[in-house]
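Heads up, the thing below is written out as structure tokens.
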Amino acid sequence: MTAPRSYLFVPGNRPERFAKACASGADAVIVDLEDAVPPAERPAARAAVASWLSPEHPVLVRISDDIGLCSHPGVAGVVLPKAERVEDIMAIGHTNILPIIETARGFWNLTAIAHAPNVRRLMFGSIDFQVDLGIHGEGEELLYFRSQLVLVSRIAALDPPVDGITTAFNTPDLVRADAVRARRLGFGGKLCIHPKQIATVNNCFGPTAEEYAWAKRVIDAVSKTNGEAISLHGEMIDRPVVARAEAILRYLDSNS
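So the sequence shown is residues 12 to 267, counted in this note's numbering.
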């Protein structure tokens with residue numbers, strides 16, 4: 012199984028949207044009991060989520076103070092907002108935890124968080140992160156921080172991290188640009204706030220038709236040799252290039 016490319020948030024106080032979110036085409040659904048729900052509505056939202064959860068439609072849950080929900084059999088994983096300490100992760104007690112790095116302290120403790128028990132993947136809460144650090148801008152202003160998430164994830168043997176949201180959902184070109192940038196930096200997925208973003212995100216984090224054609228040419232050429240490095244259309248084809256081509260073909264096989 013490949014790691015999810017798209018994670019769709021659905022507010023925990025909107026139970027009429029839960030099934031629609033699961034049918035949206037997103038690789039994973041996050042039922043949100045934190046930022047999307049006003050504090051006064053969280054007890055009712057928590058009760059609504061608890062009554063809806065089922066192994067028949069497993070979802071991720073972004074918790075606020077909802078530790079009791081984590082053990083429910085319908086919870087496929089726990090999204091921990093503002094992750095800052097290993098102790099917070101260990102207190103959850105779930106086997107699949109996805110910490111969101113969205114504060115300076117969380118980033119400072121990034122390596123420890125990535126190596127904490129049961130952590131499966133890191134997420135980047137880029138909007139809150141900018142607010143916490145007084146940063147203005149989503150591009151080069153966050154390049155160092157995004158690159159560190161990719162590096163630490165690799166060292167900790169986690170799936171590539173998940174990039175933050177794009178707030179505009181009626182502007183597919185902007186969603187595409189954000190997703191392409193994230194993929195080029197080594198991210199493996201993106202958080203979504205609207206179903207309109209899902210197809211664009213999924214396409215951006217999968218190989219393009221051109222990449223598939225390239226990978227097939229490489230593997231076909233290599234199959235006719237004894238493993239030595241060769242040249243194909245002016246490109247040196249050695250072991251790292253072959254490994255990239257093989258990964259592209261594996262991805263397509265697993266999603267066909």
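From the three backbone atoms N, C-alpha and C, an ideal C-beta is built for every residue, glycine too.
Considering only their Cβ atoms, is the gap separating residue j from residue i smaller than 8 Å?
i, j, result
"SER17", "ASN213", "yes"
"PHE20", "ALA61", "no"
"ALA168", "ILE124", "no"
"THR211", "ALA190", "yes"
"ILE100", "ILE78", "no"
"LEU196", "SER158", "yes"
DSSP state of residue i, grouped into three classes?
i, result
"LYS235", "coil"
"ASP264", "helix"
"GLY150", "coil"
"ARG73", "strand"
"VAL45", "One detail in the question is off: residue 45 reads as Glu in this sequence, not Val. In the structure shown, GLU45 sits in coil (DSSP, three-state: anything other than H, G, I, E or B)."
"ASP38", "coil"
"ILE204", "coil"
"LEU162", "helix"
"VAL241", "Sequence inspection shows Ile at residue 241; the Val mentioned does not correspond to that position. ILE241: strand per DSSP, three-state reduction."
"ALA87", "strand"
"ILE176", "coil"
"PRO128", "coil"
"SER65", "coil"
"MET12", "Residue placement at MET12 is flagged as unreliable, the pLDDT there being 39, under the threshold of 50; the coordinate-derived value follows with that caveat. MET12: coil per DSSP, three-state reduction."
"ARG25", "coil"
"GLU246", "strand"
On the CB-based measure, 16 or more other CB atoms within 10 Å of its CB, does residue i come out buried or exposed?
i, result
"LYS31", "exposed"
"LEU154", "exposed"
"HIS105", "buried"
"MET12", "Here the model assigns MET12 a pLDDT of 39, short of 50, so the residue's position is not dependable, and the following value carries that caveat. Exposed: under 16 other Cβ atoms inside 10 Å."
"PRO15", "buried"
"ARG261", "exposed"
"ARG73", "buried"
Nearest to residue i by alpha carbon, out of the options?
i, options, result
"PHE198", "ALA87, GLY117 and ARG132", "ARG132"
"ALA58", "PRO66, PRO69 and LEU80", "LEU80"
"GLY117", "ILE103, ASP143 and PRO128", "ASP143"
"ILE138", "LEU64, ALA125, TYR223 and ALA115", "ALA115"
"VAL42", "GLY150, ARG96, PRO15 and GLY85", "GLY85"
"THR178", "GLU257, LYS207 and GLN159", "LYS207"
"PHE135", "PRO183, LEU185, GLY88 and ALA193", "ALA193"
"SER75", "ALA87, ILE146 and PRO50", "PRO50"
"ASP264", "TYR223, VAL253 and SER242", "TYR223"
"GLU149", "VAL130, ALA127, PRO128 and ILE176", "ILE176"
How many whole angstroms separate the CB atoms of residue i and residue j, which I take to be in contact at a CB cut-off of 8 Å?
i, j, result
"VAL314", "GLY200", "This structure cannot settle anything about residue 314, because the visible part of the chain is limited to 12 through 267."
"ILE83", "CYS33", "The amino acid at residue 83 is misidentified as Ile; the sequence shows His. Actually they are not in contact, since the Cβ atoms of HIS83 and CYS33 sit about 16 Å apart, beyond 8 Å."
"VAL97", "LEU109", "Not a contact, Cβ separation roughly 15 Å."
"ILE112", "LEU185", "Not quite, the Cβ-Cβ distance comes to about 23 Å (not below 8 Å), so this is no contact."
"LEU71", "ALA37", "That belief does not hold up - the Cβ atoms of LEU71 and ALA37 are roughly 11 Å apart, past 8 Å."
Relative to the ligand SAH, is the shortest distance from any of its heavy atoms to the C-beta of residue i smaller than 7 Å?
i, result
"VAL142", "Judged by which ligands are present, the structure shown has none, so any question about the ligand SAH falls away."
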